[in-house]
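Residue numbers (this note's numbering): 2 to 374. Yeah, the Cβ is synthetic: ideal placement off N, Cα and C, and Gly gets one too. Predicted model only: the values in this text are computed from it and were never measured.
Structure representation (structure tokens):
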């Protein structure tokens, strides 16, 4: 049913694979519009399940459970890219899955992703696939250092990766190869990390959100600043790259694109995320349409509006105990847009919520959330 173009109207049911905060914010928008929402997640009362009509409690690779969700849904989407592709293919004959499986195949494997980006002329860092110790040595000799070795599949927020700065690092990481696929990438001396959200509907219309400047701590996104503090040429270049990727991928729904900004103004695509993205949370308050609403509109074959940034914005993630700090300080900060994901357990460096502030002065907005630096 992937060529289905008829609008899917409320009160149809949207099934979401994954019950985390991205699924939660998708579900909130869908419910506001009058849709019913079902969620598949192994954790009872997961964040998305708290606002959904029903939850199927099962692992993400449980084909029976995925079919059960599909059978109860008019359209199926996902909040992360590492879903069971074979299970998705099986249910696509009977349930509308607007995001093509090819999108998952590309974005769930870093080597395939880099290959796709190269094939369409998108700029990327030098890289080589690594499957064994010989491959690692070849990549080291060809690309040299500094470099980073990442698992080709899985891994997030710094997990599943090693810095390579010399031969001594090679000896250490060889112990961890374990017969799985890796990617060896040249580490780039970037001056800024930026990202952009792009959406495409079934008619082929592409919309691009403003460029976000991202600050990471310990490989985890900490703060997003919008618009990114760089020149207009960089903003335009990012938009053009995003539009090209969306069109070539035949994207339906939202895609997050992470870039490295180099000192000479060049952009290198770092990663793709075929779903709403943490750095796009600011869109809820700062844009005329959020990334989550844009995603729901496009997967339900509804028209996408042009995007407008109503205000400058700063978004800060609430990691671990910073959620408690944020709760306690709410009374002193009436300008905070406070989001608590409702996770049952506070864990160190876990994304528990976020705060967005909007206004004209980015310096003032950064002051408003300096508590979390």
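DSSP, reduced to helix, strand and coil, places residue 80 outside both helices and strands of the structure shown, so it counts as coil. Apart from the 5 residues on each side of it in sequence, residue 306 sits with its Cβ closer than 6 Å to the Cβ of 290 in its chain, given in chain order. The way I'd put it, the segment 325-337 doesn't touch the segment 224-240; fewer than three beta-carbon pairs between them come closer than 8 Å. For residue 201, the uninterrupted beta strand (DSSP E) segment begins and ends at 193-201. Here the alpha carbon of residue 101 sits roughly 7 Å from the alpha carbon of residue 252. Per DSSP, residue 115 is one residue of the alpha helix (DSSP H) stretching across 111-120. The beta-bridge partner set that DSSP reports for residue 130 consists of 184.
Assignment of residue 67 by DSSP, reduced to helix, strand and coil, places it in the helix class. Of all alpha-carbon atoms in 144, 125, 69 and 363, the one lying nearest the alpha-carbon of residue 185 is that of 144.
8 Å or more divides the Cβ of residue 64 from the Cβ of residue 110. Between the alpha carbons of residue 130 and residue 79 lies a gap of roughly 27 Å. For residue 252, no alpha helix (DSSP H) run applies, since DSSP gives it neither H nor E.
For residue 30, the enclosing alpha helix (DSSP H) has its first and last residue at 22-33.
Residue 74 and residue 349 have their C-alpha atoms spaced approximately 35 Å apart. In the structure shown, residue 102 falls within a helical segment according to DSSP collapsed to helix, strand and coil.
Residue range 292-300 is occupied by the alpha helix (DSSP H) that includes residue 299.
In terms of Cα proximity to residue 283, the closest of 17, 89, 355 and 126 is 355. In this structure the segment 48-55 does not touch the segment 234-251; the number of beta carbon pairs closer than 8 Å is below three.
321 is the residue among 321, 45 and 98 whose C-alpha sits nearest the C-alpha of residue 351. Shown here, residue 95 sits in coil according to DSSP, grouped into three states, outside any helix or strand.
Judged by their CB atoms, residue 300 and residue 99 are nearer to each other than the 8 Å cut-off. Residue 368: member of the alpha helix (DSSP H) spanning 363-369, first to last residue.
Within the segment 258-338, the alpha helix (DSSP H) runs of at least 4 residues that lie entirely inside it are, in chain order, 284-287, 292-300 and 323-330. In this chain, residue 174 is not harboured by any beta strand (DSSP E); it is covered by the alpha helix (DSSP H) spanning 168-175. Under the 10 Å beta carbon count, residue 19 is surrounded by 16 or more other beta carbons and is classified as buried. When the beta-carbon positions are compared, residue 329 and residue 286 stay at least 8 Å from each other.
A Cβ-Cβ contact shorter than 8 Å links residue 105 with residue 82. The C-alpha of residue 140 is placed about 33 Å away from the C-alpha of residue 236.
The C-beta of residue 204 has fewer than 16 other C-beta atoms within 10 Å across all chains shown, which makes the residue exposed.
Judged by DSSP secondary structure, residue 204 falls outside any beta strand (DSSP E); it is assigned neither H nor E. A residue is called buried once 16 or more other Cβ atoms fall within 10 Å of its Cβ, and residue 340 is buried on that count. For residue 56, the uninterrupted beta strand (DSSP E) segment begins and ends at 55-57.
Counting the other Cβ atoms within 10 Å of the Cβ of residue 275 gives 16 or more, which makes it buried.
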